[in-house]
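*Asks:* Can you read through this structure? Questions will come right after.
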Amino acid sequence: MEIGFSKQLDDAIVEISKLPGIGKRTALRLALHILKMEARDVTLLTESITALKEKVCYCKECHNLSDTEICDICANPKRDKRIVCVVRDIRDVVAIENTNQYSGVYHVLGGVIAPMDGVGPQQLNLESLFQRVDAGGIGEVILALPATVDGDTTNFYIYRNIQGKVPCITTIARGIGIGEELEYTDEVTLGRSLLSRTSFENNYTKRS
Numbered sequence: 010m011e012i013g014f015s016k017q018l019d020d021a022i023v024e025i026s027k028l029p030g031i032g033k034r035t036a037l038r039l040a041l042h043i044l045k046m047e048a049r050d051v052t053l054l055t056e057s058i059t060a061l062k063e064k065v066c067y068c069k070e071c072h073n074l075s076d077t078e079i080c081d082i083c084a085n086p087k088r089d090k091r092i093v094c095v096v097r098d099i100r101d102v103v104a105i106e107n108t109n110q111y112s113g114v115y116h117v118l119g120g121v122i123a124p125m126d127g128v129g130p131q132q133l134n135l136e137s138l139f140q141r142v143d144a145g146g147i148g149e150v151i152l153a154l155p156a157t158v159d160g161d162t163t164n165f166y167i168y169r170n171i172q173g174k175v176p177c178i179t180t181i182a183r184g185i186g187i188g189e190e191l192e193y194t195d196e197v198t199l200g201r202s203l204l205s206r207t208s209f210e211n212n213y214t215k216r217s
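For the sequence shown, the numbering used here gives the first residue as 10, with consecutive numbering after it.
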């Protein structure tokens, strides 16, 4: 969508429409809204976006997004570091934290094994997870990946690599529908699924 009478507006529309879920019409509305904003507010917006790109990093322990080398969750002495919940990405961390039912720490994989999309174990934060397990001190690993074929494939890959090294390997209860993503699951259902988590080995055996 080109307006034609303003190259700056056209350029803004093109750049805004590159964001996921933003079409050209929505990009136009956002660009026009920005034009109406006070100069100070526009400056704050652009500075926050620049800071987001330049200053946000990944936690060295769990790969969660953070402003420091160690994220607030890993640095919190009240969190139980003996329990590690394995999730796909930051959106799942947010979803689980919103339930207020979990007090352990996380390990963010950055995706799931998806051969059809060219994503293998090497593209994910799996080796660092195995190193955390090998270092000892972990009593339970919770596999909280999407209830999809790729999610289950990743769950089983992790299980095969840490089996016998961790006293307890669990998976969240299947109150979450097959194919559903954690970030779209309501907080009550997700919270109950965490509290009702089951042995991964027993769960996998029953489904095989």
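Even glycine gets a Cβ: it sits at the ideal position worked out from N, Cα and C.
Bear in mind that the values here come from a model prediction, so they are computed numbers and not experimental data.
Please state the DSSP three-state secondary structure of residue 160.
*Replies:* Residue 160: helix per DSSP, three-state reduction.
*Asks:* Roughly how many angstroms lie between the CA atoms of residue 37 and residue 56, to the nearest whole one?
*Replies:* So the alpha carbons of these two residues sit roughly 21 Å apart.
*Asks:* Go to residue 177, then tell me how far its beta strand (DSSP E) extends in each direction, as first and last residue.
*Replies:* 177-180 is the span of the beta strand (DSSP E), which, as asked, contains residue 177.
*Asks:* Round the Cβ separation of residue 151 and residue 92 to the nearest angstrom and send it over; I've been treating them as touching at under 8 Å.
*Replies:* That pair is a contact at about 7 Å.
*Asks:* Grab the span of the beta strand (DSSP E) containing residue 126 for me, first residue to last.
*Replies:* Neither: residue 126 is in no beta strand (DSSP E) and is coded neither H nor E.
*Asks:* Who pairs with residue 218 in a beta bridge, going by DSSP?
*Replies:* This structure leaves residue 218 out entirely; the chain is present only between 10 and 217.
*Asks:* Give the list of continuous beta strand (DSSP E) stretches no shorter than 3 residues that lie fully inside the stretch 44-114.
*Replies:* DSSP runs (the beta strand (DSSP E)) wholly in the stretch 44-114: 89-96.
*Asks:* Are there three or more Cβ pairs, one per stretch, closer than 8 Å when the stretch 170-180 is compared with the stretch 137-146?
*Replies:* Yes, they touch.
*Asks:* Which stretch, first to last residue, makes up the beta strand (DSSP E) that contains residue 150?
*Replies:* Element bounds for residue 150: 149-152.
*Asks:* Does the beta-carbon distance from residue 160 to residue 121 come in below 9 Å?
*Replies:* In this structure, residue 121 lies closer than 9 Å to residue 160 by Cβ.
*Asks:* Measure from the alpha carbon of residue 142 to the alpha carbon of each residue in 25, 125, 94, 162, then state which is nearest.
*Replies:* With distances taken between Cα atoms, residue 142 lies closest to 94.
*Asks:* Any idea what DSSP makes of residue 15, helix, strand or coil?
*Replies:* Residue 15 falls in the coil class under three-state DSSP.
*Asks:* May I ask which residues mark the beginning and end of the alpha helix (DSSP H) holding residue 142?
*Replies:* Note, residue 142: alpha helix (DSSP H), 136-143.
*Asks:* Given a cut-off of 9 Å on the beta-carbon distance, is the pair residue 72 and residue 128 in contact?
*Replies:* No, Cβ-Cβ distance for residue 72 and residue 128 is not below 9 Å.
*Asks:* Nearest to residue 162 by CA position, among 48, 107, 125, is which residue?
*Replies:* Ranking the options by Cα distance to residue 162, first place goes to 125.
*Asks:* Going by alpha carbons, who is nearest to residue 208 out of 156, 149, 157, 166?
*Replies:* Of the listed residues, the one whose Cα sits closest to residue 208 is 149.
*Asks:* Can you give the Cα-Cα distance for residue 76 and residue 85, rounded to whole angstroms?
*Replies:* Rounded to the nearest angstrom, the two C-alpha atoms are 15 Å apart.
*Asks:* How many whole angstroms separate the CB atoms of residue 153 and residue 96, which I take to be in contact at a CB cut-off of 8 Å?
*Replies:* Right, their Cβ atoms sit about 5 Å apart.
*Asks:* Sorted by chain position, which residues of the same chain lie with C-beta nearer than 6 Å to residue 35's C-beta, five sequence neighbours on each side aside?
*Replies:* Closer than 6 Å at Cβ, skipping near neighbours: no residue.
*Asks:* What's the C-alpha gap between residue 111 and residue 90?
*Replies:* Roughly 12 Å separates the two Cα atoms.
*Asks:* To which residues does DSSP link residue 208 through a beta bridge?
*Replies:* According to DSSP, residue 208 bridges with 179.
*Asks:* Identify, in the order they occur along the chain, each residue of the same chain with its Cβ nearer than 7 Å to the Cβ of residue 147, setting aside the five sequence neighbours on each side.
*Replies:* These residues qualify, in order along the chain: 91, 93, 141, 175.
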